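Participant:
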Amino acid sequence: MPGRTNGWWISPAIPTIANVVLAVLWTFSALGGWGDAAFCGEGDQHDAACGTGFVHAVQVSAPLAALAAIVAVTAWSMPSVRRRPDRLDALLTMAAFVWILAEGILFIGGYLAKS
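First residue of the sequence shown? That's 40 in the numbering used here, and the numbers climb one at a time after it.
#1: Using DSSP with H/G/I as helix, E/B as strand and the rest coil, what is R126?
#2: Can you list, in chain order, the residues of its chain with a C-beta nearer than 6 Å to that of A107? Leave out the 5 residues immediately preceding and following it.
#3: In whole angstroms, give me the CA-to-CA distance for A88 and V60.
#4: Would you please state the rounded distance, in angstroms, between the beta carbons of F78 and K153? I believe it to be under 8 Å.
#5: Tell me whether M40 is buried or exposed, calling it buried when 16 or more other Cβ atoms sit within 10 Å of its Cβ.
#6: Roughly how many angstroms separate the alpha carbons of G90 and R123, rounded to a whole number?
#7: So is V63 buried or exposed if we call it buried at 16+ other beta carbons inside 10 Å?
#8: Roughly how many angstroms lie between the CA atoms of P51 and L140, to the nearest whole one?
#9: Looking at G143 and A96, is the spacing between their C-beta atoms short of 8 Å?
#10: Does the beta-carbon of P118 have 16 or more other beta-carbons within 10 angstroms, so that it is buried, or is it exposed?
#11: Since I believe A111 is in contact with L131 (beta carbons under 8 Å), could you give me their beta-carbon distance rounded to a whole number of angstroms?
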C-alpha cells in the first residue's frame, strides 16, 4: 500500500476493531455496572464505600476514555489522516493504548476501592 515506509501492511480494520472492543469494554465496566459489581458486589452484598471508590476511578479514567474516542474518530474523519496509512496507523494505535490506560485505571481503582 502506498505511503507505508516500512513495507508492512496491516489492515486498518484491525486497530479499528480493537478500539471499538476496548470502548465497549470500558463503557460496560464504567457505566454499565460491570466494574462496580465485580469489585464491590451485587445486591445485599454491595459495599457502598467500595462503590464510591469505584466511582472515583471512573471519574479519573473518563477523560482518558474521551480522549481515546476523540483520537479514533478524528483519525477516520480527517481525510488528511485517513489517506496517509502511517498517520492512520499511528493515531489508531495511540487511541488503543489510551483505551488500555483507561481500563487499567478502572482496574487499579476498583482493586484499591475493594481493599
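Backbone N, C-alpha and C define an ideal beta-carbon position, used for all residues, glycine too.
Source: prediction; values computed, not measured.
Facilitator: Well, looking at it:
#1: Working through the sequence shown from its first residue, we reach residue 126 at position 87. Three-state DSSP puts R126 in a helix.
#2: Stepping through the sequence shown from its first residue, residue 107 is reached at position 68. So the qualifying residues of the chain are A134, V137 and W138.
#3: As a position in the sequence shown, residue 88 is number 49, starting the count at 1. As a position in the sequence shown, residue 60 is number 21, starting the count at 1. Roughly 30 Å between the two C-alpha positions.
#4: To locate residue 78, count along the sequence shown from 1; it is residue 39. To locate residue 153, count along the sequence shown from 1; it is residue 114. Between K153 and F78 the Cβ distance is about 5 Å, and since that is below 8 Å, they are a contact.
#5: In the sequence shown, the residue the question calls residue 40 occupies position 1. The predicted model places M40 with a pLDDT of 45, which falls under 50 and marks its position as unreliable, so this point remains unresolved.
#6: Your numbering for residue 90 matches position 51 in the sequence shown. Your numbering for residue 123 matches position 84 in the sequence shown. Whole-angstrom Cα-Cα distance: 44 Å.
#7: For this step, residue 63 is matched to residue 24 along the sequence shown. Label assigned to V63: exposed.
#8: What you label residue 51 is simply residue 12 of the sequence shown in a count that begins at 1. What you label residue 140 is simply residue 101 of the sequence shown in a count that begins at 1. Distance between the alpha carbons of P51 and L140 is about 21 Å.
#9: For the purposes of this step, residue 96 is identified with residue 57 of the sequence shown, where counting begins at 1. For the purposes of this step, residue 143 is identified with residue 104 of the sequence shown, where counting begins at 1. Not in contact: A96 and G143 (Cβ atoms no closer than 8 Å).
#10: Position 79 of the sequence shown, counted from the first residue, corresponds to residue 118. P118 is exposed by the Cβ-count criterion.
#11: Here residue 131 refers to the residue found at position 92 when the sequence shown is read from its first residue. Here residue 111 refers to the residue found at position 72 when the sequence shown is read from its first residue. That pair is a contact at about 6 Å.
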